[in-house]
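**Q** If you scroll down you'll find the structure; I have some questions about it.
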Amino acid sequence: LEKSLRYIGYDVKRVMNITDVGHLTSDADEGEDKMVKGAQREHTTVMQIAQHYTNCFMDDIKSLNIKKPDVIEPATNCIPEFKNVISGLLKKGKAYTAGGNVYFDTSKIENKYYVFGNDMKSEDLQVGVRDDVTEDTNKHNKADFVLWFTKSKFEDQQLKWDSPWGVGYPGWHIECSCISMKHLGEQLDIHCGGVDNIFPHHTNEVAQSEAYLGHKWCNYWFHVVHLNDAEGKMSKSKGNILTVSALKEKGFDPMDYRFFCLSSHYKKPLLFKYDLLENSKNAYEKLVLKIAQNIKAADENKLNELLKAVGEIDFTDGATFDYTVEQGKSAYTQAEDSLFSEQAVELKKAYKAAICNDINTSDGITVIYDVLKSSISPEEKVALIADFDKVLSLNLVENAKKKVAAEKLHDDNEGGVADDEFTAYIKNKIAERKEAKKAKDFAKADAIRNELLEKGVELKDTREGTVYSIKA
Numbered sequence: 078l079e080k081s082l083r084y085i086g087y088d089v090k091r092v093m094n095i096t097d098v099g100h101l102t103s104d105a106d107e108g109e110d111k112m113v114k115g116a117q118r119e120h121t122t123v124m125q126i127a128q129h130y131t132n133c134f135m136d137d138i139k140s141l142n143i144k145k146p147d148v149i150e151p152a153t154n155c156i157p158e159f160k161n162v163i164s165g166l167l168k169k170g171k172a173y174t175a176g177g178n179v180y181f182d183t184s185k186i187e188n189k190y191y192v193f194g195n196d197m198k199s200e201d202l203q204v205g206v207r208d209d210v211t212e213d214t215n216k217h218n219k220a221d222f223v224l225w226f227t228k229s230k231f232e233d234q235q236l237k238w239d240s241p242w243g244v245g246y247p248g249w250h251i252e253c254s255c256i257s258m259k260h261l262g263e264q265l266d267i268h269c270g271g272v273d274n275i276f277p278h279h280t281n282e283v284a285q286s287e288a289y290l291g292h293k294w295c296n297y298w299f300h301v302v303h304l305n306d307a308e309g310k311m312s313k314s315k316g317n318i319l320t321v322s323a324l325k326e327k328g329f330d331p332m333d334y335r336f337f338c339l340s341s342h343y344k345k346p347l348l349f350k351y352d353l354l355e356n357s358k359n360a361y362e363k364l365v366l367k368i369a370q371n372i373k374a375a376d377e378n379k380l381n382e383l384l385k386a387v388g389e390i391d392f393t394d395g396a397t398f399d400y401t402v403e404q405g406k407s408a409y410t411q412a413e414d415s416l417f418s419e420q421a422v423e424l425k426k427a428y429k430a431a432i433c434n435d436i437n438t439s440d441g442i443t444v445i446y447d448v449l450k451s452s453i454s455p456e457e458k459v460a461l462i463a464d465f466d467k468v469l470s471l472n473l474v475e476n477a478k479k480k481v482a483a484e485k486l487h488d489d490n491e492g493g494v495a496d497d498e499f500t501a502y503i504k505n506k507i508a509e510r511k512e513a514k515k516a517k518d519f520a521k522a523d524a525i526r527n528e529l530l531e532k533g534v535e536l537k538d539t540r541e542g543t544v545y546s547i548k549a
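In structure tokens form, the structure reads like this:
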């Protein structure tokens, strides 16, 4: 979403919160704090576990070519902001204290705060909690929710702060509203989240934010549907989530998984199976091969001129994890259209139309195949794909260039440039690794890859087999 907005010319400030306190194990106020539960499970402190998983998360999104947000704000940094907004809600008569806690009073708001779309059931069009939870007898209304806890049935809460209502900690919902207001002001353009957050989390956010501000808070909501396996939604609570490290252990590159996800629309449930991921891996490698063929057929000087014109970005090795607004925008402007054929310009328009149509990355990838099948020059094909990849971030041109370089090195090796004994050693290791993968001994396969990497030999699995390059 952010890269699409930057690509079509918007300046974007994206804020991500790290919920290191107050994120409960259920949507109801009666659940345990997830961070406390995790710290107990792993015999560490809440802050240590928060930092550990934050670091793991950042490593994974970097591997997946996901841009780091402009602001990453832990909830524990914003306790004064939480207390200030809660005090404001109390003064406005939108909240009340009971049983030592502060609650949002849902009877004081209008129905317009509840609705997110026509696909919600009528019984769900209210803020608060679900029917299947133990009722909090302190609440004035069933749908009320906690803004600040000083009393709960979980007495082992490790993180607590002083407040006008007693020593305690914030509820989950208030954190997101306050962090947004702190960094983005009183009006938010787009709020993102999973469809499972719509009710009650996002409904509660809207209720408390607009009750406090007195006006509309967020213009658009961007909800992503779930990644499912055969048993349904994949989640931490089920213990069936995917990690980048797990995918690597099975021989998949992070770009294989990214290609798998982008080949579907974010509003459509995506079924995950390893054989489906294998199909995506093969399709991705075939796509890179076609781009490599065009690089080899291109005039190098003309290609470099066009790549400079579109402002090619190198996404490899997390190079754009912190890229700037200017880098994220398309450098392809009207003034540069003269460098491209009329057909190439039309393909560019088709890609932009796909991205502007509710971030339809699947259609965007289809345009890439249209580019490769078109009669435009090899230089134009590669340059357009480099431009399109500012949104997709699939390392398409970068990996195609590496493939061309690896093939050239391989041809040189076949000509006797490299030491015959070393070449034989590499080929034997590649064959040994192939057998290990066939036997599903992925640990051994990774060990062989690492052994070769230590000797300066980098492996790349392709549909045609494993190729290697010798790093300088």
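The letter at position 82 of the sequence shown is residue 159 when you use the numbering used here, and the numbering goes up by one with no holes.
By construction, the Cβ of each residue, glycine as well, lies at the ideal position given by its N, Cα and C atoms.
Ordered along the chain, which non-local residues of its own chain (more than five positions away) have a Cβ less than 6 Å from that of Ser254?
**A** Residue mapping note: residue 254 aligns to position 177 of the sequence shown, counting from 1. Within the same chain, Ser254 has close Cβ partners Glu282, Gln285 and Ser286.
**Q** By Cβ distance below 6 Å, which residues in the same chain neighbour Ala483 in space, the five residues on each side in sequence not counted?
**A** Here residue 483 refers to the residue found at position 406 when the sequence shown is read from its first residue. Result list for Ala483: Val544 and Ser546, in chain order.
**Q** Three-state secondary structure (DSSP) at Gly115?
**A** Here residue 115 is taken as the residue at index 38 of the sequence shown, counted from 1. DSSP places Gly115 in helix when its eight states are reduced to three.
**Q** Nearest-angstrom Cα distance between Val459 and Asn371?
**A** Taking the first residue of the sequence shown as 1, we reach residue 459 at position 382. Taking the first residue of the sequence shown as 1, we reach residue 371 at position 294. Distance between the alpha carbons of Val459 and Asn371: 7 Å.
**Q** Check whether the region 112–119 touches the region 168–176, taking contact to mean three or more Cβ pairs, one atom from each stretch, closer than 8 Å.
**A** Contact fails: fewer than three Cβ-Cβ distances are below 8 Å.
**Q** Can you say whether Ile126 is buried or exposed, counting buried as having 16 or more other CB atoms within 10 angstroms of its CB?
**A** One-based indexing of the sequence shown puts residue 126 at position 49. Label assigned to Ile126: buried.
**Q** Unbroken alpha helix (DSSP H) runs of length 4 or more, entirely within the region 425–487: which are they?
**A** Listed in chain order, they are 438–450 and 455–469.
**Q** Assuming Cys295 is part of the alpha helix (DSSP H), what are its boundary residues?
**A** As a working mapping, residue 295 is identified with position 218 in the sequence shown. Taken as a continuous stretch (DSSP letters only), Cys295 belongs to no alpha helix (DSSP H), being part of the beta strand (DSSP E) at Cys295 to Val301.
**Q** The alpha helix (DSSP H) that contains Val286, what's its start and end?
**A** Locating residue 286 in the sequence shown gives position 209, counting from the first residue. Strictly speaking, residue 286 in this sequence is Ser, with Val absent from that position. It spans Thr280 to Leu290 - the alpha helix (DSSP H) in which Ser286 sits, taken as one unbroken run.
**Q** For Asp435, which of Gly177, Lys344 and Phe181 has the nearest alpha-carbon?
**A** By 1-based counting over the sequence shown, the position of residue 435 is 358. Comparing Cα-Cα distances from Asp435 to each of Gly177, Lys344 and Phe181, the minimum goes to Lys344.
**Q** Along the chain, where does the alpha helix (DSSP H) that runs through Ile163 open and close?
**A** Your numbering for residue 163 matches position 86 in the sequence shown. It spans Ile156 to Lys168 - the alpha helix (DSSP H) in which Ile163 sits, taken as one unbroken run.
**Q** From the DSSP secondary-structure annotation, give me the bridge partner or partners of Thr543.
**A** If you number the sequence shown from 1, residue 543 lands on position 466. Partner(s): Asp538.
**Q** With DSSP as the reference, label Thr500 as helix, strand or coil.
**A** Locating residue 500 in the sequence shown gives position 423, counting from the first residue. Helix, per DSSP.
**Q** Locate the beta strand (DSSP E) running through Pro151, then write down its first and last residues.
**A** By 1-based counting over the sequence shown, the position of residue 151 is 74. Its beta strand (DSSP E) spans residues Val148 to Pro151.
**Q** Could you round the C-beta distance between Val448 and Leu469 to whole angstroms and report it? I think they count as a contact, below 8 Å.
**A** The residue labelled residue 448 in the question sits at position 371 within the sequence shown. The residue labelled residue 469 in the question sits at position 392 within the sequence shown. That pair is no contact at about 13 Å.
**Q** Looking at C-beta atoms only, is the number of pairs between the region 319–330 and the region 288–299 that lie closer than 8 Å three or more?
**A** The region 319–330 vs the region 288–299: no contact.
**Q** Measuring from the CB of Leu78, is there a heavy atom of the ligand PLP at a distance below 6 Å?
**A** In the structure shown, the ligand PLP is absent, as is every other ligand, since no ligand is present at all.
**Q** Quick check: the Cα distance between Glu509 and Lys237, rounded to an integer number of angstroms?
**A** For the purposes of this step, residue 509 is taken as residue 432 along the sequence shown, with counting starting at 1. For the purposes of this step, residue 237 is taken as residue 160 along the sequence shown, with counting starting at 1. Distance between the alpha carbons of Glu509 and Lys237: 56 Å.
**Q** Determine which residues share a DSSP beta bridge with Val223 and list them.
**A** Translated into the one-based positions of the sequence shown, residue 223 becomes position 146. Answer is Tyr180.
**Q** Take every Cβ of the region 85–98, pair it with every Cβ of the region 142–157, and state whether three or more of those distances are shorter than 8 Å.
**A** Segments in contact, yes.
**Q** For the 8 Å Cβ check, are there 3 or more pairs between the region 261–280 and the region 238–247?
**A** The region 261–280, when compared against the region 238–247, does not touch it at the 8 Å Cβ threshold.
**Q** Would DSSP call Ile368 helix, strand or coil?
**A** Position 291 of the sequence shown holds residue 368. Three-state DSSP puts Ile368 in a helix.
**Q** Is the beta carbon of Glu263 sitting closer than 7 Å to the one on Leu290?
**A** Against the sequence shown, residue 263 aligns to sequence position 186. Against the sequence shown, residue 290 aligns to sequence position 213. Going by C-beta atoms, Glu263 is nearer than 7 Å to Leu290.
**Q** For the region 360–369 against the region 475–482, do three or more pairs of beta-carbon atoms, one drawn from each stretch, fall closer than 8 Å, so that the two count as touching?
**A** Result yes; three or more Cβ-Cβ pairs closer than 8 Å.
**Q** In the structure shown, what three-state DSSP assignment does Asp306 receive?
**A** Position 229 of the sequence shown, counting from 1, holds the residue named residue 306. Strand.
**Q** Residues in the same chain with beta-carbon distance under 8 Å from Gly395, minus the five sequence neighbours each way, listed in chain order, please.
**A** Within the sequence shown, numbered from 1, the residue matching residue 395 stands at position 318. Low per-residue confidence applies at Gly395: pLDDT is 45, beneath 50, and the placement is therefore not dependable enough to give any value.
**Q** Return helix, strand or coil for Ile525, following the three-state DSSP convention.
**A** Taking the sequence shown and counting its residues from 1, the one referred to as residue 525 is at position 448. In the structure shown, Ile525 sits in a helix (DSSP, three-state: H, G or I).
**Q** For Val123, report the span of its alpha helix (DSSP H) as first-last.
**A** Here residue 123 is taken as the residue at index 46 of the sequence shown, counted from 1. Residues Val123 to Ser140.
**Q** Is Leu265 helix, strand or coil by DSSP?
**A** Counting from one through the sequence shown, the residue named residue 265 turns up at place 188. Here Leu265 sits in strand by DSSP.
**Q** By the three-class DSSP mapping on this structure, what secondary structure does Trp242 have?
**A** Locating residue 242 in the sequence shown gives position 165, where the first residue counts as 1. DSSP places Trp242 in coil when its eight states are reduced to three.
**Q** Ignore the nearest five residues each way along the sequence and tell me which others in Cys155's own chain have a CB closer than 8 Å to its CB.
**A** Your numbering for residue 155 matches position 78 in the sequence shown. Hits under 8 Å: Glu252, Cys255, Ile256 and Lys259.
**Q** Rank Cys433, Ser357 and Lys350 by C-alpha distance to the C-alpha of Leu471 and give the top, closest one.
**A** By 1-based counting over the sequence shown, the position of residue 471 is 394. Closest by alpha carbon: Ser357.
**Q** With DSSP as the reference, label Gly94 as helix, strand or coil.
**A** As a position in the sequence shown, residue 94 is number 17, starting the count at 1. Per the sequence shown, residue 94 should be read as Asn rather than Gly. In the structure shown, Asn94 sits in a strand (DSSP, three-state: E or B).
**Q** What residue does the alpha helix (DSSP H) around Ala516 start on, and which one ends it?
**A** Counting from one through the sequence shown, the residue named residue 516 turns up at place 439. It is not in any alpha helix (DSSP H) - Ala516 carries neither H nor E in the DSSP assignment.
**Q** Give every residue of the same chain whose Cβ lies closer than 8 Å to the Cβ of Lys425, excluding the five residues on either side of it in the sequence, and list them in chain order.
**A** As a working note, residue 425 is residue 348 in the sequence shown. Around Lys425: Tyr409, Phe417, Leu461 and Asp464.
**Q** Please name the residue in Tyr180, Val387 and Thr438 whose C-alpha comes closest to that of Val422.
**A** Position 345 of the sequence shown holds residue 422. Nearest of Tyr180, Val387 and Thr438 to Val422, Cα basis: Val387.
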